[in-house]
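Residue numbers (the numbering used here), protein chains in the order written: chain A, 1 to 327; chain B, 1001 to 1363.
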Amino acid sequence: MEQLTIVSAINKGLRRAMAADSKVLLMGEDIGKLGGVFRVTEGLQKEFSDERVIDSPLAESGIVGTAIGLALNGFRPVVEIQFDGFVYPAFDQIVSQMARMRYRSRGALSLPITMRIPFGGGIGSVEHHSESPEAYFSATPGLRVISAADSHDAYWMIQQAIFSDDPVIFLEPKRRYWQKGDVDTDADLSSAMPMFSAKVLTDGSDCTLISYGPTVVTALQAAKFAQEDGVGIEVIDMRSLSPIDMHTIATSVRKTGRVIVVHEAPGSGGLGAEIGQRIMETCFTDLKAPVLRVTGYDTPYPASRIEEHYLPDADRILDALEKVMSY
Amino acid sequence: MDGFDSVVQLLDSTGSPVIDSHYSSALDNSSLLALYRDMVLVRKLDEQATALQRQGELGLWAPLIGQEAAQIGSGRALAQRDYAFATYREHGVAWCRGIDPVDMLRFWRGTMHQAWDANLHRLYGYQVIIGAHALHATGYAMGAYLSGRSGTGNSETDQAVVAYFGDGAMSEGDVNESFVFAATYQAPIVFFCQNNQWAISEPTKRQSRIPLVQRAEGFGLRGIRVDGNDVIACHAVTAEALDRARSGGGPTLIEAVTYRMGAHTTSDDPTKYRDGSDDELWRSRDPIDRLRIYLRANEVLNDTFQSDLDAEATSLAERMRIGCRELPDPDPLSMFENVYCAPDARLDEQRSELKSILAKMGD
Ligand SMILES: Cc1ncc(C[n+]2csc(CCOP(=O)(O)OP(=O)(O)O)c2C)c(N)n1
């Protein structure tokens, strides 16, 4: 067991995947000597050469587009987008090209590309450094979208993403980058929890709190407060946003009958809406209260000095909990 | 200067005037002193903002140190009626457009996404998305022509537009597309690229095998390479390009060759990727030193002016320190404003929700 930050867990996961397969290569802005602005790729260029850890020209559409070409030619590119707000120049390459290559070629061409994107708010920077673009991607057929909320998952899921033959959007909760956790780096990749499975973090019988990425920690805080008040919460870390592990979610909902979905992205059209609907379809008669959402508001991320009011916190979750418990 | 073969220079790094076959300076001594004052003050502004970030008062700051001549020379060439679109680093241009330095800090402190009235100052806010604004600038310039505010032959009223960006931005699709549009429509625009040698950790070589200015020809733009640390030359080439644009002569790409003497931003650690061996060379080409030497040698700058200027810089810094700390945090409920022009029922609900949360917190 090693105590690793999420940053170093991803770093070690990347290193292990690169060592395992010479076709894995990294591309992105400032990922070489600098090691990326968050230092996730620190030391990798030195270890694996500048042909496998490639400092790209400053052009996101170019990076993703050439990653597609490299993948067509047998490589497994891992693209770093420096910040969530800088992924949009690559939108066409992602949704119209990468996502559809397999479909349009009737299975002849697949694209084993991983796109790493630090996402979410909470770091106090300027505009475009806080974004939650996951709904665009999870609404795009052909893409897989996953997010690791702790070091253990970060280490394993980045490797699973890299060895997936479908393109994977790998969302990294940037405000939790320096959070530490235990990782068994000696274990076998095949023994890791399947990439698309959700994970039940706490056991409880009164309400299910579903989240992913940076707000998993927030959900756990709220669950702890609720527990002190005698309300049992089952916190589920979705881990995969596309596909959604409905089996794990439904099992919990059948037990608790109450659900709150928590995410930072705007509520309207967000993942919470999809999960709520899927629960309606699968466990309608088990529900004791409507599925509620605690999310970012339907505005762009506001200026950083008031961002804390935009981000869901434990209090807002507890307010929602009161509502479902007293419904 | 290496790689400076066809660069326009009117004042060399030792402060000696240079004769150029095409360009000459139209600036009298008082204008030169004014440029000198601008450069000294924006360097102070930059230093103070960097310090404020270190003290935790700002979330981030992108230093301009080393690029004063490029920004002030070009910024002062703009007429009031011209319009500028700039990046997060163009504090010197903002200064020329009359933005209060404390207002500049609002963005970096995280109290506002855009802190000044763009139309009033004819400067769009700091753009963070690399290259995006080059297209906006091009469209704005197309509009100036289409609405009869440019290319009419009236040198008093014809307008031009400037788009500022860096060497890294030259790789973005948006910038390359803006070159295509500007050339196609012969839009009244000047693209002012400050090649400060670095895009965070990537040297300009990562973006281009050839001098950036050579791209101009392929797009059908006029291209000029200027010593970006020579404020007189930057002023001269920009003034001429603007005149040409306003009068219907078409777009120009200016590559101002300069150096980012500081970190990319206050979050950056340049020792990770550059060994500092170029720093000394570029210090010897400092944009402020050379003008001071020239002005001193020609007895344009005297001790009184210099000490008054130093005092002005000190009080500017003090005003920034006080002003920054006094900047109010926005009302949290303001986050719901201006998402749309028209009212939105869903946002109204969410505003009420936050309002009651805030009221509870206040209890
Ligand atoms: C679309 C986009 N991609 C990436 C970034 C991250 N980023 C911010 S500044 C920068 C380098 C810019 O270099 P350059 O254009 O030379 O301007 P400079 O910062 O040197 O003034 C990068 C990669 C961004 N802001 N926007």
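Think of the CB as a built atom: it goes at the ideal place given N, C-alpha and C, for glycine as much as any other residue.
- Burial of residue 258 of chain A is indicated by the presence of at least 16 other C-beta atoms within 10 angstroms of its C-beta.
- Between the region 1092–1107 of chain B and the region 1070–1080 of chain B there are three or more C-beta pairs closer than 8 Å, enough to call the two in contact.
- Per DSSP, the continuous beta strand (DSSP E) segment holding residue 1189 of chain B begins and ends at 1189–1195.
- The C-beta distance from residue 122 of chain A to residue 52 of chain A rounds to 32 Å, too long to meet the 8 Å contact threshold.
- Taking a cut-off of 8 Å on C-beta distances, the region 1194–1208 of chain B touches the region 22–31 of chain A, as three or more cross pairs fall below it.
- Under the Cβ distance rule, residue 1181 of chain B does not count among the residues neighbouring chain A, no pair being separated by less than 8 Å.
- Unbroken alpha helix (DSSP H) runs of no fewer than 4 residues, entirely contained in the region 180–263 of chain A, are found at 215–228 and 246–256, following chain order.
- Contact note: residue 119 of chain A does not reach chain B at a C-beta cutoff of 7 Å; the least C-beta distance is about 16 Å.
- Shown here, residue 148 of chain A sits in coil according to DSSP, grouped into three states, outside any helix or strand.
- Going by beta carbons, residue 1131 of chain B and residue 1172 of chain B fall inside the 8 Å limit.
- Residue 187 of chain A has its alpha-carbon roughly 35 Å from the corresponding atom of residue 206 of chain A.
- If you draw a 10 Å sphere on the C-beta of residue 8 of chain A, you find 16 or more other C-beta atoms in it, and that means buried.
- The region 1103–1149 of chain B is shown to contain whole alpha helix (DSSP H) runs of 4 or more residues at 1118–1121 and 1132–1146, in chain order.
- Interface flag for residue 1091 of chain B against chain A is unset, since no Cβ pair is found closer than 8 Å.
- Contact note: residue 293 of chain A does not reach chain B at a C-beta cutoff of 7 Å; the least C-beta distance is about 11 Å.
- Residues of the region 300–320 of chain A with a Cβ closer than 8 Å to any Cβ of chain B, in chain order: 300, 302, 303, 304, 305, 306, 307, 309, 310, 315, 316 and 319.
- Of all residues in the region 117–147 of chain A, the ones placed with a Cβ closer than 7 Å to any Cβ belonging to chain B are 124, 125, 126, 127 and 128, in chain order.
- One alpha carbon belongs to residue 1077 of chain B, the other to residue 1235 of chain B, and they sit about 6 Å apart.
- With a contact defined as Cβ atoms closer than 8 Å, residue 1036 of chain B and residue 1295 of chain B qualify at about 6 Å.
- Not one heavy atom of ligand 1 is found less than 7 Å from the C-beta of residue 1282 of chain B.
- The contact set of residue 1111 of chain B on chain A, defined by CB atoms closer than 9 Å, consists of 303, 304, 305 and 306 in chain order.
- Look at residue 1214 of chain B here: in three-state DSSP terms it is helix.
- Taking a C-beta distance under 8 Å as the contact criterion, residue 249 of chain A and residue 233 of chain A do not qualify as a contact pair.
- The beta carbon of residue 1169 of chain B sits closer than 7 Å to at least one heavy atom of ligand 1.
- Excluding sequence positions up to five before and after residue 1317 of chain B, its CB lies within less than 6 Å of the CB of 1044 and 1048, all in the same chain and listed in chain order.
- Judged by DSSP in its simplified three-state form, residue 1068 of chain B adopts helix.
- Per DSSP, residue 1184 of chain B is not a residue of any beta strand (DSSP E); the alpha helix (DSSP H) it occupies stretches across 1173–1185.
- Membership of residue 118 of chain A in the beta strand (DSSP E) is indicated by the continuous run 114–119.
- If you check the C-beta of residue 94 of chain A against ligand 1, you find no heavy atom less than 7 Å away.
- Residue 1172 of chain B has a beta carbon lying within less than 8 Å of a beta carbon in chain A.
- Using a cutoff of 7 Å, the CB of residue 1108 of chain B does not count as near ligand 1, since none of the ligand's heavy atoms is closer than that.
- A Cβ-Cβ contact shorter than 8 Å links residue 63 of chain A with residue 90 of chain A.
- For residue 1231 of chain B, there is no enclosing beta strand (DSSP E); the residue is found in the alpha helix (DSSP H) stretching over 1231–1246.
- Taking 8 Å as the CB threshold, residue 1363 of chain B stays off the interface with chain A.
- Within 8 Å of the CB of residue 1272 of chain B, the CB atoms of chain A belong to 33, 34 and 35, in sequence order along the chain.
- In the structure shown, residue 88 of chain A adopts helical secondary structure according to DSSP, grouped into three states.
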